[in-house]
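Read through the structure below, which is laid out as structure tokens, and then see the notes.
Residue numbers (this note's numbering): 309 to 431.
Here is the structure:
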């Protein structure tokens, strides 16, 4: 496949958000990075905080499409729109925002897998 693979960022709201209680975040992120067509997959503790803003500002310089598994897409859009804009990116085109709260590992994995298929990646 000549298409550049997206990155996958998981934000876990400090790891204490009740929305992630049903999931083993470490098993999930390892399954995503090993079994799905992503360039990389990692966990950030809280992208909506100031250090998350600094991280995104630096990270988005790579201009790679990213999939963000975290809270509701409308919240992600509000929190990350400025970082994408400052990096010269359009959040609607360069980010895929998925709500993976209140899911088991298997459910969240299926959501990410389905989205990658919709994006044209062979899973």
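Even glycine gets a Cβ: it sits at the ideal position worked out from N, Cα and C. Just so you know, these numbers come straight off a predicted model, no measurement behind them.
Assuming contact is defined by CB atoms lying nearer than 7 angstroms, are residue 340 and residue 375 in contact in what I supplied? no
message = residue 368 and residue 395 - do their beta-carbons sit closer together than 7 angstroms?
response = yes
Out of 380, 427, 327 and 330, which one is the CA nearest neighbour of residue 401? 427
**Message:** Let me confirm a value: residue 346 is counted as buried when at least 16 other C-beta atoms fall within 10 Å, else exposed. Which label applies?
**Reply:** buried
Report task. Can you tell me which of 370, 362 and 407 puts its alpha carbon nearest to the alpha carbon of residue 379? Result -> 407
When you compare the CB positions of residue 349 and residue 316, do they come within less than 7 angstroms of one another, or not? yes
- Task: Indicate whether residue 377 and residue 318 have their beta-carbon atoms separated by less than 7 angstroms.
- Result: The Cβ atoms of residue 377 and residue 318 sit closer than 7 angstroms to each other.
Q.
Give me the DSSP bridge partner(s) of residue 319.
A. 352
Point to revise | In chain order, each alpha helix (DSSP H) run of at least 4 residues that lies wholly inside the segment 346-418 | key: The alpha helix (DSSP H) runs of length 4 or more contained entirely in the segment 346-418 are, from start to end of the chain, 358-367, 381-394 and 399-402.
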